[in-house]
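K.L.:
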Amino acid sequence: MTRDRIRELLSAIQQGSVEIDAAVEQLSRLPFIETENARVDSHRLLRQGIPEVVFGPGKSVSQIIEIVGALSGVGQDVLITRIEADVAADVQEGLPGGEYDAMARLLWFGGESGAELGKGTIAVICAGTADLPVAAEAAGVARRFGNRVETLKDVGVAGIHRLLASQDLLRSARVLIVVAGMEGALPSVVGGMVDKPVIAVPTSVGYGAALGGLTALFGMLTSCASNVTVVNIDNGFGAAHAATLINRL
32 MTRDRIRELL
42 SAIQQGSVEI
52 DAAVEQLSRL
62 PFIETENARV
72 DSHRLLRQGI
82 PEVVFGPGKS
92 VSQIIEIVGA
102 LSGVGQDVLI
112 TRIEADVAAD
122 VQEGLPGGEY
132 DAMARLLWFG
142 GESGAELGKG
152 TIAVICAGTA
162 DLPVAAEAAG
172 VARRFGNRVE
182 TLKDVGVAGI
192 HRLLASQDLL
202 RSARVLIVVA
212 GMEGALPSVV
222 GGMVDKPVIA
232 VPTSVGYGAA
242 LGGLTALFGM
252 LTSCASNVTV
262 VNIDNGFGAA
272 HAATLINRL
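Residue numbers for the sequence shown follow the working numbering, beginning at 32 and rising by one.
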């Protein structure tokens with residue numbers, strides 16, 4: 032339920048084309064939808080401007096189908112994150128029409144990405160090819176949330192000239208998401224080059240002392256660039272969500 036749909040409903044009541052009891056039934060679904068395994072938040076789009084997103088891991092195919100059906104039933108597009116290809120295929124068999132992005136592990140039920148709601152471009156900067164799945168998640172989620180997105184791949188600090196060759200893209204972005212593993216130095220470098228918010232995403236990529244992403248996380252948290260903030264390890268979704276809200280301000 033969006034603000035526009037509520038306005039349409041109230042206008043229809045005013046014009047007499049919708050009965051009051053029918054309108055009450057529609058509005059009664061605003062807080063949440065009770066299903067067998069979940070209370071699905073159908074009010075989040077109205078409350079936050081971004082609808083509820085389904086986290087795939089830990090859910091069965093039938094549970095995902097149940098939740099997608101509940102959200103689709105009230106006219107919302109649905110995004111499922113971190114869903115593996117075999118699970119996505121099973122979900123699509125039960126609910127035809129989904130669009131799957133294997134690199135980003137995103138499954139989308141809805142139309143083409145709608146009107147751009149952001150005021151500028153979100154740039155997703157990826158340090159290395161091994162970081163691409165997390166960067167792809169960030170870029171894919173940001174696009175589905177109505178942002179214009181530009182991506183820059185394989186520009187880690189081991190070959191800094193690759194990053195410096197794209198300064199125009201960096202400086203033109205309104206928000207930057209910087210994804211890096213290993214020692215996690217790239218967000219500090221980018222932060223020192225731009226006057227915009229930088230959202231750093233540590234990845235779990237790296238040899239033993241990378242500690243599954245903790246080394247990158249600690250490095251980003253102690254960045255000497257004051258415009259850098261940090262989300263959790265491998266959390267491309269969280270970075271895209273925060274960048275979306277910033278881009279709408």
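Just so it is clear, CB atoms sit at the ideal spot from N, CA and C, and this is done for glycine as well.
Looking at C-beta atoms only, is the number of pairs between the stretch 116-131 and the stretch 83-98 that lie closer than 8 Å three or more?
P.N.:
Result yes; three or more Cβ-Cβ pairs closer than 8 Å.
K.L.:
Taking the alpha carbon of residue 215 as the reference point, which residue from 201, 232, 106 has its own alpha carbon closest?
P.N.:
Out of 201, 232, 106, 232 has the C-alpha closest to the C-alpha of residue 215.
K.L.:
If you draw a straight line from the alpha carbon of residue 154 to that of residue 168, how long is it in whole angstroms?
P.N.:
Looking at the two C-alpha atoms, the distance is approximately 13 Å.
K.L.:
Our contact map puts residue 147 next to residue 177 with C-beta atoms below 8 Å; I'd like the distance itself, whole angstroms only.
P.N.:
About 6 Å separates the two Cβ atoms, so the contact holds.
K.L.:
Give the range of the alpha helix (DSSP H) segment to which residue 130 is assigned.
P.N.:
Looking at the DSSP string, residue 130 is not in any alpha helix (DSSP H); the run it does join, the beta strand (DSSP E), is 130-132.
K.L.:
Can you grab the Cα-Cα spacing for the pair residue 191 / residue 157, in whole Å?
P.N.:
Each residue's Cα considered, the two are about 12 Å apart.
K.L.:
Please identify the residue among 37, 247, 183, 185 whose C-alpha is closest to the C-alpha of residue 234.
P.N.:
Looking at the Cα atoms, 247 is the closest of the given residues.
K.L.:
Taking the Cβ atom as the reference point for each residue, do residue 204 and residue 275 lie within a distance shorter than 8 Å?
P.N.:
Cβ distance not < 8 Å, so residue 204 and residue 275 don't count as in contact.
K.L.:
Closer than 8 Å is the cut-off here; do at least three beta carbon pairs connect the stretch 210-230 with the stretch 191-202?
P.N.:
Segments in contact, yes.
K.L.:
Please list, in chain order, all residues of the same chain as residue 17 whose beta carbon is under 6 Å from its beta carbon, the five residues on each side excluded.
P.N.:
Residue numbering for the chain in the displayed model covers 32 to 280; residue 17 lies beyond these limits and cannot be assessed.
K.L.:
Residues bridged to residue 232 by DSSP?
P.N.:
Answer by DSSP bridge pairing, in chain order: 210.
K.L.:
Can you give me the start and stop residues for the beta strand (DSSP E) that residue 179 sits inside?
P.N.:
Where residue 179 is concerned, the enclosing beta strand (DSSP E) stretches over 179-183.
K.L.:
Taking only three categories from DSSP, how would you classify residue 268?
P.N.:
Helix at residue 268.
K.L.:
Name the one or two DSSP bridge partners that residue 85 has.
P.N.:
DSSP lists 111 as partners of residue 85.
K.L.:
For the alpha helix (DSSP H) that residue 249 lies in, which residues bound it at each end?
P.N.:
Counting along the chain, the alpha helix (DSSP H) containing residue 249 begins and ends at 245-252.
K.L.:
Tell me the rounded alpha-carbon separation between residue 245 and residue 264.
P.N.:
Going from the Cα of residue 245 to the Cα of residue 264 covers about 8 Å.
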